[in-house]
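Here the structure comes first, spelled out in structure tokens, and everything after it is commentary.
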Amino acid sequence: MASITIRNLDESLKSKLRLQSAQHGRSMEAEVRNILHQVLAPATAGFADRIHQRFAALNLDSLPVPARQAARNHPDMDL
Numbered sequence: 000m001a002s003i004t005i006r007n008l009d010e011s012l013k014s015k016l017r018l019q020s021a022q023h024g025r026s027m028e029a030e031v032r033n034i035l036h037q038v039l040a041p042a043t044a045g046f047a048d049r050i051h052q053r054f055a056a057l058n059l060d061s062l063p064v065p066a067r068q069a070a071r072n073h074p075d076m077d078l
């Protein structure tokens, strides 16, 4: 694994990173790895996400919901 050193990091940015890493219960180094991974790693969408993306342009969330109908009576099996 590679290592990097970041020089001249703004003190306010470092403070925000320290607070965020504490909120997530990780070290600052682990928090930076997580941020870099989220930003740079290719997003792999699941099957449901891919279907949602494909049909998102159709705006299916705004379709009218039909009114409920009463359930049918069960057939009389007593002959």
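Numbering of the sequence shown is given in numbering that gives the first Met the number 0, commencing with residue 0 and proceeding in unit increments. We put the CB at the ideal spot given by N, CA and C, even for glycine. These figures come from a predicted structure and were not determined experimentally.
Length of the line joining the Cα atoms of residue i and residue j
i, j, result
"THR4", "SER26", "16 Å"
"ASN33", "ALA70", "52 Å"
"LEU39", "LEU18", "22 Å"
"ARG49", "ALA56", "13 Å"
"SER20", "ASN58", "38 Å"
Where residue i sits in the DSSP three-state scheme
i, result
"MET27", "helix"
"VAL38", "helix"
"SER2", "coil"
"LEU16", "helix"
"LEU59", "helix"
"HIS73", "coil"
"ASN33", "helix"
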